[in-house]
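A quick write-up on the structure given underneath.
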Amino acid sequence: MRNTNAIHRHLFCRDRLGSVLARFASTTMKSITSTIPLVLVVLSQPLMANPPSPIVVPEKKASTWLKPMLDVRTRYEMGDFDKLDTSNALTTRARAGMQTTAFHGFSALVDGEFTRAAIDDYSGGAKEAEPFDTTKTVIGDPETTELNQAFLQYQGWDTTFKAGRQRIKYDNDAFVGNVIWRQNEQTYDALSFVNQSVPGLTMSYAYVNQVNRIFGSDADAAITPSYTNVDHYEADTHLLNASYTGIKNWTLGSYIYLMDFDEIPSYDNQTFGVSAKTNAFGLALSAELAYQDEAGTGSDKDAMYFHGIATKTVGAQSFTLGLEHLDAGMKTPLATLHAFNGFADVFINQRANGSHNGITNPYFSHAMPIFWGMKWINTFHIMGDNEISAGYGWEYDFVLTKKFNDHLLALAKLGVFNSNGDVLNGKSEAPDATRFSIELDYTF
Numbered sequence: 014m015r016n017t018n019a020i021h022r023h024l025f026c027r028d029r030l031g032s033v034l035a036r037f038a039s040t041t042m043k044s045i046t047s048t049i050p051l052v053l054v055v056l057s058q059p060l061m062a063n064p065p066s067p068i069v070v071p072e073k074k075a076s077t078w079l080k081p082m083l084d085v086r087t088r089y090e091m092g093d094f095d096k097l098d099t100s101n102a103l104t105t106r107a108r109a110g111m112q113t114t115a116f117h118g119f120s121a122l123v124d125g126e127f128t129r130a131a132i133d134d135y136s137g138g139a140k141e142a143e144p145f146d147t148t149k150t151v152i153g154d155p156e157t158t159e160l161n162q163a164f165l166q167y168q169g170w171d172t173t174f175k176a177g178r179q180r181i182k183y184d185n186d187a188f189v190g191n192v193i194w195r196q197n198e199q200t201y202d203a204l205s206f207v208n209q210s211v212p213g214l215t216m217s218y219a220y221v222n223q224v225n226r227i228f229g230s231d232a233d234a235a236i237t238p239s240y241t242n243v244d245h246y247e248a249d250t251h252l253l254n255a256s257y258t259g260i261k262n263w264t265l266g267s268y269i270y271l272m273d274f275d276e277i278p279s280y281d282n283q284t285f286g287v288s289a290k291t292n293a294f295g296l297a298l299s300a301e302l303a304y305q306d307e308a309g310t311g312s313d314k315d316a317m318y319f320h321g322i323a324t325k326t327v328g329a330q331s332f333t334l335g336l337e338h339l340d341a342g343m344k345t346p347l348a349t350l351h352a353f354n355g356f357a358d359v360f361i362n363q364r365a366n367g368s369h370n371g372i373t374n375p376y377f378s379h380a381m382p383i384f385w386g387m388k389w390i391n392t393f394h395i396m397g398d399n400e401i402s403a404g405y406g407w408e409y410d411f412v413l414t415k416k417f418n419d420h421l422l423a424l425a426k427l428g429v430f431n432s433n434g435d436v437l438n439g440k441s442e443a444p445d446a447t448r449f450s451i452e453l454d455y456t457f
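For any residue, its number in our numbering is found by taking its place in the sequence shown, counting from 1, and adding 13.
In structure tokens form, the structure reads like this:
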């Protein structure tokens, strides 16, 4: 009986298991049957919505450690001084060079200047330079090929150090500048530094052992037995300049220039000066005062310098009233002389070497925009001696500029000096003079 019951239980379990397996198989087949069309649809589509993009390998950038520099200036200039023949010059100056990017603070720069004359009916102003003609009015742009700058620079500790041939400009170039107007730039073989460690204070110092003048390396003829090269000054010169902007609305300056020239001792001088700029009463105001020891030509006398300027801006126009005074004998051999006392350049030699009876120059200037984006500046000068007791004459200047873009600039300039016949230097009077130029500048 027990065996019969066991057999029945076995048969029941077998039938139950078979029923479960049959139901599972039926359900599974239905799922597979319903899934197959969906799988086929999926498999019939691309695996990605868009085809894969190719791997782009970025192009290797060109080296930027060298930066090229280029500026080209073409100028026509006419000069006509009384008792000299009229001069005409058409010159082109190209200045080309390279500058490195900084590497651990170190960088370098080198550039050269190349000036050629298409019209050379003028005197370049120095013997051996081409062209040179003592009967013609000087236009100080002889043909040149020379190294303009070559220096090593280090920047660190809020200081910039330079060693080599370099450009040096202080303040408004009244005592130390680069004579930027002429085609060949004045540069300096020097050690220099500029420090800005103290907020608002900029301290500059340069030791100069040679001044490379505007006449170029070909102008190596002697002017005097001791002055063997007009192309440069051998020097033992110390230049110290400081400016401070830490007082609101003020810029204060001071300088000490100890100039010693080996071959031209008459140019030696010690100059000490202060300056201030501010805005007050709706005016931009500036004043500069300097004292010079060893003024004059070969004499040991003192001289004072003063320059005051007031400018009023009304809309796009500006009106400037200025007064510059140099005591008799005051000399500025390293200045950008063309920037002062009129564009006719009547007084540049006397101002450089101190061979004048004093220069007092009140002037008025008006600047305004005109048509086609041009700017027009008109200036009227009165020129007198140490106490304005004698009038050298008067001068009218204008400058017309048009900036086409960041690279191209056009300029026209006129200076007309009318002499009153009074003595400027010894027995010589200031001559009547006219100087006109038109130029096109391109900077890369």
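We treat Cβ as the ideally placed atom computed from N, Cα and C, and that holds for glycine.
- The region 95-104 makes contact with the region 132-151, as at least three CB pairs between them are under 8 Å.
- Closest option to Gly342, judged by alpha-carbon separation, among Ile361, Ala365, Asp202 and Gly309: Gly309.
- A residue is called buried once 16 or more other Cβ atoms fall within 10 Å of its Cβ, and Ala219 is buried on that count.
- Under the three-state reduction of DSSP, Pro144 is assigned to coil, being neither helix nor strand.
- In the three-state reduction of the DSSP assignment, Gly386 falls in the helix class, which pools H, G and I.
- Under the DSSP assignment, Ala365 falls in the alpha helix (DSSP H) whose first and last residues are Ile361 to Asn366.
- Within the model, the alpha-carbon separation for Asp124 versus Thr113 is close to 12 Å.
- Take the alpha-carbon of Val221 and the one of Asp244: they are about 16 Å apart.
- For the options Glu276, Ser299 and Ala348, the alpha carbon positioned closest to that of Asn262 is the one of Ser299.
- At a Cβ-Cβ threshold of 8 Å, Thr215 and Ala176 do not count as neighbours.
- One thing to note: Phe228 has its Cβ within 8 Å of the Cβ of Gly137.
- Excluding five sequence positions before and after Thr324, the CB atoms of its chain that fall closer than 6 Å to its own CB belong to Ala297, Ser331 and Thr333, given in chain order.
- Of the candidates Arg86, Asp93 and Ala187, the residue whose Cα lies closest to the Cα of Leu103 is Arg86.
- Per DSSP, reduced to three states, the secondary structure at Ala352 is helical.
- The criterion of a C-beta distance shorter than 8 Å is not satisfied by Ile395 and Pro382.
- Between Thr158 and Val207 the beta-carbon gap is near 30 Å, outside 8 Å, which marks them as no contact.
- When the five nearest sequence neighbours on each side are left out, the beta carbons in the same chain lying within less than 7 Å of the beta carbon of Met387 are those of Leu413, Thr414 and Lys415, in order along the chain.
- Per DSSP, reduced to three states, the secondary structure at Ser279 is helical.
- DSSP places Val243 in the coil class of the three-state scheme, outside both helix and strand.
- For the pair Gly428 and Val189, the Cα-to-Cα distance works out to about 23 Å.
- Under the three-state reduction of DSSP, Ala443 is assigned to coil, being neither helix nor strand.
- The beta-carbon separation of Ala232 and Pro155, rounded to 7 Å, stays under the 8 Å limit for a contact.
- Per the C-alpha coordinates, the member of Asp281, Trp389, Ile260 and Ala121 positioned closest to Ala425 is Trp389.
- For a cut-off of 8 Å, the C-beta gap from Arg364 to Gly92 is around 18 Å, too long to register as a contact.
- Pairing Leu437 with Ala443 gives a Cβ-Cβ distance under 8 Å.
- Boundaries of the beta strand (DSSP E) harbouring Thr128: Phe119 to Asp134, taken from the DSSP string.
- Its chain contains Gly153, Asp154, Ile227 and His351 as the residues whose beta carbon lies nearer than 8 Å to that of Arg195, once the 5 sequence neighbours on both sides are disregarded; these appear in chain order.
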